[in-house]
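In full-length UniProt numbering, the protein residues as written are 1 to 115.
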């Protein structure tokens, strides 16, 4: 598991190193997530779409946001739940089952978002 210092160093030296404005920082995050999130992975969304309080497992199948989608520090992923396909905001993920690379990328993203 990465320490806060290691995550901050990775963010500063690898992800946003060449980011001189919001768009360039956003592009760095997009590239990082595109390279490190291994789809599909399983989540239980923190916010329910239908008002149902039951925790439903969903599959995250892809990255929706483009480079500019990371400017506000949150981005969208494609989520399948039953026969339905939705977009879900990254900050609403509650990771259940994923590859080690995905878990690490999510952890770094959560640190960046201040979770």
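The beta carbon of each residue, even a glycine, is placed where N, CA and C say it ideally should be.
Coil, strand or helix - residue i by DSSP
{"i": "residue 59", "result": "strand"}
{"i": "residue 44", "result": "coil"}
{"i": "residue 103", "result": "helix"}
{"i": "residue 97", "result": "strand"}
{"i": "residue 30", "result": "helix"}
{"i": "residue 19", "result": "coil"}
{"i": "residue 1", "result": "coil"}
Minimum C-alpha distance to residue i - residue among the options
{"i": "residue 75", "options": "41, 6, 13, 30", "result": "30"}
{"i": "residue 23", "options": "70, 98, 95", "result": "70"}
{"i": "residue 28", "options": "93, 39, 13", "result": "13"}
{"i": "residue 63", "options": "43, 37, 85, 44", "result": "37"}
{"i": "residue 43", "options": "95, 108, 90, 99", "result": "95"}
{"i": "residue 86", "options": "101, 45, 3", "result": "45"}
{"i": "residue 40", "options": "112, 61, 100", "result": "61"}
{"i": "residue 66", "options": "2, 34, 88", "result": "34"}
Residue i vs residue j beta-carbon contact at 7 angstroms
{"i": "residue 105", "j": "residue 79", "result": "no"}
{"i": "residue 81", "j": "residue 97", "result": "no"}
{"i": "residue 113", "j": "residue 99", "result": "no"}
{"i": "residue 16", "j": "residue 25", "result": "yes"}
Residues that DSSP places opposite residue i in a beta bridge
{"i": "residue 79", "result": "60, 86"}
With 16 other Cβ atoms within 10 Å as the buried cut-off, status of residue i
{"i": "residue 77", "result": "buried"}
{"i": "residue 20", "result": "exposed"}
{"i": "residue 7", "result": "buried"}
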